[in-house]
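So the sequence shown is numbered by the working numbering: it starts at 960 and just counts up by one.
Ideal Cβ positions, reconstructed from N, Cα and C, are used throughout, including at glycine.
Below is one structure; the comments refer to it alone.
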Amino acid sequence: MSEPIQSTQKFILGWDIGGANLKAALIKTDGIAVNVMQLSCPLWHGLGELDKAIEQVLQRVGPVEATHVVTMTGELADIFPDRPTGVLEIAGRIKAQLGDEVLFFAGKSGFVTFEHIKAQVNAIASANWLASAAFVASKLKQGLFIDIGSTTADFVLLHDGIPANLGISDADRMQREELIYTGVIRSSLMALASSITFAGEWQNVAAEHFATTADVYRLTGDLDPMEDMAATADGAGKSIEETNRRLARMVGRDSADADSAAWVHLAQAFKQQQLGLLRRAALRHLSRNLIAPGTPFIGAGVGTFLVRELAQQLGHEFIDVSSLLKAESDNVRNWAGVCLPAYAVANLGIK
960 MSEPIQSTQK FILGWDIGGA NLKAALIKTD GIAVNVMQLS CPLWHGLGEL
1010 DKAIEQVLQR VGPVEATHVV TMTGELADIF PDRPTGVLEI AGRIKAQLGD
1060 EVLFFAGKSG FVTFEHIKAQ VNAIASANWL ASAAFVASKL KQGLFIDIGS
1110 TTADFVLLHD GIPANLGISD ADRMQREELI YTGVIRSSLM ALASSITFAG
1160 EWQNVAAEHF ATTADVYRLT GDLDPMEDMA ATADGAGKSI EETNRRLARM
1210 VGRDSADADS AAWVHLAQAF KQQQLGLLRR AALRHLSRNL IAPGTPFIGA
1260 GVGTFLVREL AQQLGHEFID VSSLLKAESD NVRNWAGVCL PAYAVANLGI
1310 K
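Printed below as a string of C-alpha coordinates:
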(Lines of atoms letter the chains of each structure in order from A and count residues from 1; the text may use other names and numbers.)
(Lines give C-alpha, C1' and ligand atoms only; values in the text may rest on other atoms or scores of the structure.)
Protein backbone atom coordinates (compact mmCIF):
# COMPACT_ATOMS: atom_id res chain seq x y z
CA MET A 1 0.00 0.00 0.00
CA SER A 2 1.09 3.59 -0.50
CA GLU A 3 -0.06 7.16 -0.14
CA PRO A 4 -2.24 8.88 -2.78
CA ILE A 5 -0.19 10.61 -5.43
CA GLN A 6 -0.76 13.64 -7.58
CA SER A 7 0.86 13.58 -11.00
CA THR A 8 0.29 14.34 -14.66
CA GLN A 9 2.18 11.16 -15.57
CA LYS A 10 0.21 8.41 -17.32
CA PHE A 11 -0.62 5.32 -15.24
CA ILE A 12 -2.40 2.00 -15.62
CA LEU A 13 -4.79 0.91 -12.90
CA GLY A 14 -5.38 -2.82 -12.79
CA TRP A 15 -8.54 -4.11 -11.10
CA ASP A 16 -9.29 -7.64 -9.87
CA ILE A 17 -12.96 -7.79 -8.87
CA GLY A 18 -13.48 -10.79 -6.62
CA GLY A 19 -16.52 -12.04 -4.79
CA ALA A 20 -15.04 -11.29 -1.36
CA ASN A 21 -12.25 -8.79 -2.03
CA LEU A 22 -11.37 -6.12 -4.57
CA LYS A 23 -7.71 -5.71 -5.48
CA ALA A 24 -6.20 -2.78 -7.34
CA ALA A 25 -2.69 -2.01 -8.58
CA LEU A 26 -1.56 1.35 -9.92
CA ILE A 27 1.54 1.03 -12.10
CA LYS A 28 3.60 3.30 -14.28
CA THR A 29 3.88 2.54 -17.98
CA ASP A 30 7.27 0.94 -17.26
CA GLY A 31 5.56 -1.64 -15.02
CA ILE A 32 6.66 -0.21 -11.68
CA ALA A 33 3.91 -0.43 -9.05
CA VAL A 34 3.35 2.71 -7.02
CA ASN A 35 0.19 1.76 -5.10
CA VAL A 36 -1.39 -1.63 -4.47
CA MET A 37 -4.34 -2.35 -2.21
CA GLN A 38 -6.90 -4.95 -1.22
CA LEU A 39 -10.34 -4.01 0.10
CA SER A 40 -13.11 -6.15 1.52
CA CYS A 41 -15.94 -6.37 -1.03
CA PRO A 42 -18.53 -9.03 -0.09
CA LEU A 43 -20.57 -9.01 -3.29
CA TRP A 44 -23.16 -11.38 -1.86
CA HIS A 45 -24.44 -8.37 0.09
CA GLY A 46 -25.19 -6.55 -3.19
CA LEU A 47 -23.51 -4.51 -5.91
CA GLY A 48 -23.47 -1.52 -3.58
CA GLU A 49 -20.41 -3.17 -1.99
CA LEU A 50 -18.61 -2.92 -5.33
CA ASP A 51 -19.56 0.73 -5.71
CA LYS A 52 -18.14 1.52 -2.28
CA ALA A 53 -14.91 -0.40 -2.88
CA ILE A 54 -14.30 1.32 -6.22
CA GLU A 55 -14.85 4.71 -4.62
CA GLN A 56 -12.33 3.87 -1.90
CA VAL A 57 -9.71 2.84 -4.45
CA LEU A 58 -10.16 6.05 -6.42
CA GLN A 59 -9.84 8.09 -3.23
CA ARG A 60 -6.64 6.28 -2.26
CA VAL A 61 -4.86 6.57 -5.60
CA GLY A 62 -5.71 10.26 -5.92
CA PRO A 63 -6.24 12.37 -9.04
CA VAL A 64 -4.13 10.52 -11.60
CA GLU A 65 -4.65 9.99 -15.30
CA ALA A 66 -4.98 6.25 -15.71
CA THR A 67 -6.09 3.62 -18.17
CA HIS A 68 -8.28 1.08 -16.40
CA VAL A 69 -7.93 -2.66 -17.08
CA VAL A 70 -10.17 -5.16 -15.32
CA THR A 71 -10.28 -8.86 -14.57
CA MET A 72 -12.82 -10.56 -12.35
CA THR A 73 -14.15 -13.59 -10.50
CA GLY A 74 -17.00 -11.77 -8.76
CA GLU A 75 -19.52 -13.01 -11.32
CA LEU A 76 -19.69 -16.19 -9.23
CA ALA A 77 -21.41 -14.35 -6.36
CA ASP A 78 -24.81 -15.85 -5.64
CA ILE A 79 -26.62 -12.55 -6.17
CA PHE A 80 -26.39 -13.33 -9.89
CA PRO A 81 -28.54 -16.04 -11.54
CA ASP A 82 -25.62 -17.09 -13.76
CA ARG A 83 -22.07 -16.10 -14.64
CA PRO A 84 -22.82 -14.20 -17.88
CA THR A 85 -25.27 -12.00 -15.99
CA GLY A 86 -22.66 -11.41 -13.32
CA VAL A 87 -20.01 -10.38 -15.85
CA LEU A 88 -22.39 -7.93 -17.53
CA GLU A 89 -23.69 -6.41 -14.29
CA ILE A 90 -20.22 -6.00 -12.78
CA ALA A 91 -18.91 -4.51 -16.01
CA GLY A 92 -21.85 -2.09 -16.09
CA ARG A 93 -21.09 -0.87 -12.56
CA ILE A 94 -17.42 -0.46 -13.41
CA LYS A 95 -18.19 1.53 -16.56
CA ALA A 96 -20.58 3.77 -14.61
CA GLN A 97 -17.85 4.53 -12.06
CA LEU A 98 -14.76 4.67 -14.27
CA GLY A 99 -16.11 5.91 -17.59
CA ASP A 100 -15.71 4.63 -21.13
CA GLU A 101 -11.93 4.16 -21.07
CA VAL A 102 -12.03 0.71 -19.49
CA LEU A 103 -10.70 -2.52 -20.96
CA PHE A 104 -11.73 -5.99 -19.79
CA PHE A 105 -9.35 -8.95 -19.81
CA ALA A 106 -10.72 -11.79 -21.94
CA GLY A 107 -7.94 -14.34 -21.57
CA LYS A 108 -6.36 -15.45 -24.83
CA SER A 109 -8.57 -12.96 -26.70
CA GLY A 110 -6.74 -10.09 -24.98
CA PHE A 111 -8.59 -6.97 -23.89
CA VAL A 112 -12.04 -5.91 -25.04
CA THR A 113 -14.10 -2.77 -24.59
CA PHE A 114 -17.44 -2.67 -22.82
CA GLU A 115 -19.26 -2.76 -26.16
CA HIS A 116 -17.76 -6.18 -26.98
CA ILE A 117 -18.32 -7.84 -23.60
CA LYS A 118 -21.40 -9.86 -24.56
CA ALA A 119 -19.44 -11.79 -27.16
CA GLN A 120 -16.66 -12.53 -24.64
CA VAL A 121 -18.48 -13.19 -21.34
CA ASN A 122 -17.17 -16.74 -21.01
CA ALA A 123 -13.59 -15.62 -21.67
CA ILE A 124 -13.88 -12.74 -19.18
CA ALA A 125 -15.44 -14.82 -16.39
CA SER A 126 -12.91 -15.94 -13.79
CA ALA A 127 -9.90 -15.18 -15.98
CA ASN A 128 -7.76 -13.50 -13.32
CA TRP A 129 -5.64 -16.63 -12.84
CA LEU A 130 -4.66 -16.55 -16.52
CA ALA A 131 -3.53 -12.93 -16.25
CA SER A 132 -1.27 -13.89 -13.36
CA ALA A 133 0.06 -17.05 -15.00
CA ALA A 134 0.78 -15.30 -18.31
CA PHE A 135 2.68 -12.56 -16.52
CA VAL A 136 4.75 -14.98 -14.42
CA ALA A 137 5.47 -17.14 -17.48
CA SER A 138 6.98 -14.09 -19.16
CA LYS A 139 9.48 -13.89 -16.27
CA LEU A 140 10.14 -17.58 -15.63
CA LYS A 141 9.98 -20.04 -18.51
CA GLN A 142 9.51 -23.18 -16.39
CA GLY A 143 7.85 -23.88 -13.06
CA LEU A 144 4.67 -24.59 -11.16
CA PHE A 145 2.80 -21.38 -10.39
CA ILE A 146 0.57 -21.61 -7.32
CA ASP A 147 -1.60 -18.70 -6.16
CA ILE A 148 -3.38 -19.37 -2.87
CA GLY A 149 -5.90 -16.75 -1.88
CA SER A 150 -8.57 -16.36 0.75
CA THR A 151 -10.93 -18.88 -0.86
CA THR A 152 -9.26 -20.77 -3.71
CA ALA A 153 -5.92 -22.05 -4.97
CA ASP A 154 -4.78 -21.91 -8.61
CA PHE A 155 -2.21 -24.34 -10.04
CA VAL A 156 -0.68 -23.61 -13.45
CA LEU A 157 2.30 -25.36 -15.00
CA LEU A 158 4.59 -22.99 -16.90
CA HIS A 159 6.35 -24.62 -19.86
CA ASP A 160 8.52 -22.90 -22.46
CA GLY A 161 7.36 -19.48 -21.31
CA ILE A 162 3.61 -20.07 -21.56
CA PRO A 163 0.90 -21.38 -19.21
CA ALA A 164 0.39 -25.09 -19.91
CA ASN A 165 -3.07 -25.30 -18.34
CA LEU A 166 -5.48 -27.99 -19.54
CA GLY A 167 -8.67 -26.25 -18.49
CA ILE A 168 -10.10 -22.82 -19.16
CA SER A 169 -13.53 -22.82 -17.53
CA ASP A 170 -13.95 -23.19 -13.78
CA ALA A 171 -15.58 -26.59 -14.31
CA ASP A 172 -12.66 -27.90 -16.38
CA ARG A 173 -10.08 -26.46 -14.03
CA MET A 174 -11.80 -27.90 -10.96
CA GLN A 175 -11.92 -31.32 -12.59
CA ARG A 176 -8.18 -31.16 -13.30
CA GLU A 177 -7.27 -29.70 -9.89
CA GLU A 178 -6.01 -26.52 -11.53
CA LEU A 179 -8.60 -24.74 -9.40
CA ILE A 180 -9.19 -25.98 -5.86
CA TYR A 181 -11.71 -24.42 -3.54
CA THR A 182 -9.44 -24.13 -0.55
CA GLY A 183 -7.90 -20.92 0.76
CA VAL A 184 -6.25 -19.58 3.89
CA ILE A 185 -8.96 -17.24 5.17
CA ARG A 186 -12.54 -18.05 4.17
CA SER A 187 -12.55 -21.84 3.74
CA SER A 188 -14.65 -23.74 6.24
CA LEU A 189 -12.66 -26.24 8.28
CA MET A 190 -15.25 -28.96 7.70
CA ALA A 191 -14.07 -28.95 4.05
CA LEU A 192 -10.53 -29.97 5.05
CA ALA A 193 -11.19 -33.21 6.91
CA SER A 194 -13.99 -35.35 8.34
CA SER A 195 -11.77 -36.39 11.24
CA ILE A 196 -8.74 -34.85 12.92
CA THR A 197 -6.27 -35.72 15.67
CA PHE A 198 -7.01 -34.19 19.07
CA ALA A 199 -5.98 -35.18 22.61
CA GLY A 200 -4.24 -38.32 21.34
CA GLU A 201 -7.30 -39.62 19.47
CA TRP A 202 -8.98 -39.34 16.11
CA GLN A 203 -11.89 -36.96 16.54
CA ASN A 204 -14.77 -36.52 14.08
CA VAL A 205 -15.10 -32.98 12.78
CA ALA A 206 -18.42 -31.14 13.04
CA ALA A 207 -20.05 -30.60 9.65
CA GLU A 208 -20.87 -27.01 10.53
CA HIS A 209 -19.43 -23.66 9.53
CA PHE A 210 -18.09 -23.05 13.04
CA ALA A 211 -14.59 -21.94 12.03
CA THR A 212 -12.52 -21.03 8.99
CA THR A 213 -8.93 -21.38 7.88
CA ALA A 214 -8.24 -17.84 9.10
CA ASP A 215 -8.73 -19.22 12.62
CA VAL A 216 -6.12 -21.89 11.90
CA TYR A 217 -3.51 -19.50 10.53
CA ARG A 218 -4.18 -16.90 13.20
CA LEU A 219 -3.13 -19.51 15.77
CA THR A 220 -0.16 -20.84 13.79
CA GLY A 221 1.11 -17.29 13.25
CA ASP A 222 1.15 -17.62 9.45
CA LEU A 223 -1.54 -15.04 8.68
CA ASP A 224 -0.63 -11.37 8.47
CA PRO A 225 -3.27 -9.40 10.44
CA MET A 226 -3.36 -6.84 7.61
CA GLU A 227 -4.59 -9.58 5.26
CA ASP A 228 -7.13 -11.00 7.75
CA MET A 229 -10.06 -9.07 6.25
CA ALA A 230 -12.98 -11.49 6.11
CA ALA A 231 -15.69 -11.77 8.74
CA THR A 232 -15.38 -14.67 11.17
CA ALA A 233 -17.72 -17.66 10.99
CA ASP A 234 -19.68 -16.51 14.04
CA GLY A 235 -19.42 -12.78 13.38
CA ALA A 236 -17.38 -12.32 16.55
CA GLY A 237 -13.87 -10.91 16.92
CA LYS A 238 -10.43 -12.21 16.02
CA SER A 239 -8.74 -12.39 19.40
CA ILE A 240 -6.93 -15.58 20.38
CA GLU A 241 -9.67 -16.38 22.88
CA GLU A 242 -12.43 -16.00 20.29
CA THR A 243 -10.39 -17.97 17.77
CA ASN A 244 -9.87 -20.80 20.25
CA ARG A 245 -13.61 -20.89 20.93
CA ARG A 246 -14.45 -21.31 17.25
CA LEU A 247 -11.81 -23.98 16.73
CA ALA A 248 -12.98 -25.92 19.80
CA ARG A 249 -16.49 -26.13 18.38
CA MET A 250 -15.13 -28.05 15.39
CA VAL A 251 -14.35 -30.97 17.72
CA GLY A 252 -17.43 -30.62 19.93
CA ARG A 253 -15.72 -28.80 22.75
CA ASP A 254 -15.43 -25.46 24.53
CA SER A 255 -12.13 -23.62 24.62
CA ALA A 256 -11.98 -24.08 28.41
CA ASP A 257 -11.78 -27.86 27.89
CA ALA A 258 -8.07 -27.63 27.02
CA ASP A 259 -5.19 -25.20 27.37
CA SER A 260 -4.10 -22.81 24.64
CA ALA A 261 -1.34 -25.14 23.41
CA ALA A 262 -3.93 -27.80 22.59
CA TRP A 263 -5.75 -25.44 20.24
CA VAL A 264 -2.49 -24.51 18.53
CA HIS A 265 -1.81 -28.23 18.01
CA LEU A 266 -5.31 -28.62 16.57
CA ALA A 267 -4.68 -25.70 14.23
CA GLN A 268 -1.44 -27.34 13.09
CA ALA A 269 -3.35 -30.55 12.39
CA PHE A 270 -5.86 -28.69 10.19
CA LYS A 271 -2.96 -26.97 8.42
CA GLN A 272 -1.46 -30.35 7.55
CA GLN A 273 -4.82 -31.51 6.21
CA GLN A 274 -4.95 -28.51 3.89
CA LEU A 275 -1.34 -29.05 2.82
CA GLY A 276 -2.31 -32.61 1.97
CA LEU A 277 -5.02 -31.39 -0.42
CA LEU A 278 -2.57 -29.01 -2.05
CA ARG A 279 0.23 -31.60 -2.20
CA ARG A 280 -2.08 -34.04 -4.01
CA ALA A 281 -2.77 -31.42 -6.67
CA ALA A 282 0.91 -30.48 -7.01
CA LEU A 283 1.91 -34.13 -7.52
CA ARG A 284 -0.79 -34.54 -10.16
CA HIS A 285 0.59 -31.59 -12.13
CA LEU A 286 4.20 -32.69 -11.73
CA SER A 287 3.23 -36.10 -13.11
CA ARG A 288 2.60 -34.49 -16.51
CA ASN A 289 6.41 -34.42 -16.77
CA LEU A 290 6.53 -30.96 -18.33
CA ILE A 291 9.03 -29.54 -15.87
CA ALA A 292 12.19 -31.05 -14.41
CA PRO A 293 12.54 -32.23 -10.80
CA GLY A 294 13.47 -29.33 -8.54
CA THR A 295 12.09 -26.71 -10.95
CA PRO A 296 10.73 -23.74 -8.97
CA PHE A 297 7.36 -23.50 -7.33
CA ILE A 298 6.30 -19.86 -7.66
CA GLY A 299 4.07 -18.75 -4.80
CA ALA A 300 1.57 -15.89 -4.86
CA GLY A 301 -1.33 -14.67 -2.78
CA VAL A 302 -2.00 -14.47 0.91
CA GLY A 303 -1.23 -18.21 1.17
CA THR A 304 2.28 -17.98 -0.26
CA PHE A 305 3.60 -19.47 2.97
CA LEU A 306 1.89 -22.77 2.08
CA VAL A 307 3.55 -22.81 -1.35
CA ARG A 308 6.91 -22.44 0.38
CA GLU A 309 6.17 -25.47 2.56
CA LEU A 310 4.96 -27.51 -0.43
CA ALA A 311 8.16 -26.77 -2.30
CA GLN A 312 10.24 -27.84 0.68
CA GLN A 313 8.27 -31.07 1.11
CA LEU A 314 8.55 -32.03 -2.56
CA GLY A 315 12.18 -31.00 -3.08
CA HIS A 316 11.62 -28.00 -5.34
CA GLU A 317 13.10 -24.54 -5.31
CA PHE A 318 10.72 -21.87 -4.01
CA ILE A 319 10.34 -18.40 -5.50
CA ASP A 320 8.11 -15.77 -3.92
CA VAL A 321 6.41 -14.03 -6.83
CA SER A 322 7.03 -10.64 -5.23
CA SER A 323 10.74 -11.06 -6.06
CA LEU A 324 9.78 -10.91 -9.76
CA LEU A 325 7.81 -7.69 -9.46
CA LYS A 326 8.86 -4.06 -9.88
CA ALA A 327 7.68 -1.56 -7.29
CA GLU A 328 8.69 1.70 -5.68
CA SER A 329 9.08 0.12 -2.23
CA ASP A 330 9.30 -3.28 -0.58
CA ASN A 331 5.89 -2.74 1.02
CA VAL A 332 4.23 -2.08 -2.34
CA ARG A 333 6.07 -5.07 -3.85
CA ASN A 334 4.80 -7.38 -1.11
CA TRP A 335 1.23 -6.21 -1.63
CA ALA A 336 1.62 -6.69 -5.38
CA GLY A 337 2.44 -10.33 -4.65
CA VAL A 338 -0.70 -10.68 -2.56
CA CYS A 339 -2.77 -8.87 -5.22
CA LEU A 340 -1.00 -10.43 -8.19
CA PRO A 341 -3.95 -10.59 -10.64
CA ALA A 342 -4.43 -6.82 -10.38
CA TYR A 343 -0.71 -6.16 -10.86
CA ALA A 344 -0.46 -8.70 -13.67
CA VAL A 345 -3.46 -7.45 -15.63
CA ALA A 346 -2.11 -3.89 -15.32
CA ASN A 347 1.22 -5.03 -16.82
CA LEU A 348 -0.53 -6.95 -19.58
CA GLY A 349 -2.38 -3.74 -20.37
CA ILE A 350 0.80 -1.82 -21.16
CA LYS A 351 0.76 -1.03 -24.87
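Inset, instruction - Quick one: residues in its chain with C-beta nearer than 8 Å to the C-beta of tryptophan 1161, no 5 flanking neighbours on either side, listed in chain order? - result: Ser1154, Ile1155
Legend entry - Segment limits, beta strand (DSSP E) that includes phenylalanine 1070: 1070-1072
Inset, instruction - Could you check how far apart the C-beta atoms of serine 1122 and alanine 1093 are, in whole angstroms? I think they sit under 8 Å. - result: The residue asked about is misnamed: residue 1122 is proline in this sequence, not serine. With 8 Å as the limit, proline 1122 and alanine 1093 qualify as a contact, their Cβ atoms being about 6 Å apart.
Inset, instruction - Measure the CB-CB distance between alanine 1240 and isoleucine 1139 and report whether it falls below 8 Å. - result: yes
Legend entry - Neighbour flag for leucine 1148 against chain B, beta carbons, 8 Å: In the displayed structure, chain B is absent; only one protein chain is listed.
Inset, instruction - Taking phenylalanine 1277 as the reference, give the member of Gly1005, Asp1059, Gly1102, Ala979 with the closest Cα. - result: The candidate whose alpha carbon is nearest that of phenylalanine 1277 is Gly1102.
Legend entry - alpha helix (DSSP H) runs wholly inside the segment 1210-1294, at least 4 long, in chain order: Restricted to the segment 1210-1294, the alpha helix (DSSP H) segments that are unbroken, complete and at least 4 residues in length are 1219-1245, 1263-1273, listed in chain order.
Inset, instruction - Go through its chain and collect everything with a Cβ distance to proline 1043's Cβ below 7 Å, but skip five positions before and after it. - result: Scanning its chain for C-beta atoms nearer than 7 Å, with the 5 sequence neighbours on each side dropped, one finds around proline 1043 the residues Val1080, in chain order.
Legend entry - For lysine 957, the three-state DSSP class (helix, strand or coil): Shown here, the chain extends from 960 to 1310; a query on residue 957 therefore has no answer.
Legend entry - Cut-off 7 Å between Cβ atoms - residues of its own chain near alanine 1311, not counting five sequence neighbours on either side: A query on residue 1311 cannot be resolved here, the shown segment of the chain reaching from 960 to 1310 and no further.
Inset, instruction - Quick one: grab the DSSP three-state call for glycine 1007. - result: helix
Inset, instruction - Pull up the CB-CB distance for asparagine 1087 and threonine 1030, whole angstroms please, since I reckon it's below 8 Å. - result: At roughly 4 Å, the Cβ-Cβ gap stays under 8 Å, so asparagine 1087 and threonine 1030 are in contact.
Legend entry - Between the CA atoms of threonine 1111 and arginine 1132 - distance to the nearest angstrom: 12 Å
Legend entry - proline 1022 (DSSP reduced to helix, strand or coil): coil
Legend entry - Rounded Cβ spacing between glutamate 945 and alanine 992 (contact assumed at less than 8 Å): Since the first and last residues shown for the chain are 960 and 1310, residue 945 lies out of range.
Inset, instruction - Would you tell me roughly how many angstroms separate the C-alpha atoms of glutamate 1024 and leucine 1002, rounded to the nearest one? - result: 28 Å
Legend entry - Beta-bridge partners of alanine 1084, as assigned by DSSP: Met1031
Legend entry - Nearest-angstrom Cα separation, counted from lysine 987 out to valine 1280: Valine 1280 and lysine 987 have their C-alpha atoms spaced approximately 19 Å apart.
Inset, instruction - Check whether the Cβ atoms of valine 1164 and methionine 1149 sit closer than 8 Å, and answer yes or no. - result: yes
Inset, instruction - Just mark proline 1300 as buried or exposed, buried being the case when its beta carbon has 16 or more other beta carbons within 10 Å. - result: buried
Legend entry - Identity of the residue in Asp1289, Gly1262, Gln1271, Phe970 nearest isoleucine 1105 by Cα: Comparing alpha-carbon positions, the option among Asp1289, Gly1262, Gln1271, Phe970 lying closest to isoleucine 1105 turns out to be Gly1262.
Inset, instruction - Report the option in Leu972, Ala1012, Asp1113, Ser1219 whose CA atom is closest to the CA atom of histidine 1244. - result: Asp1113
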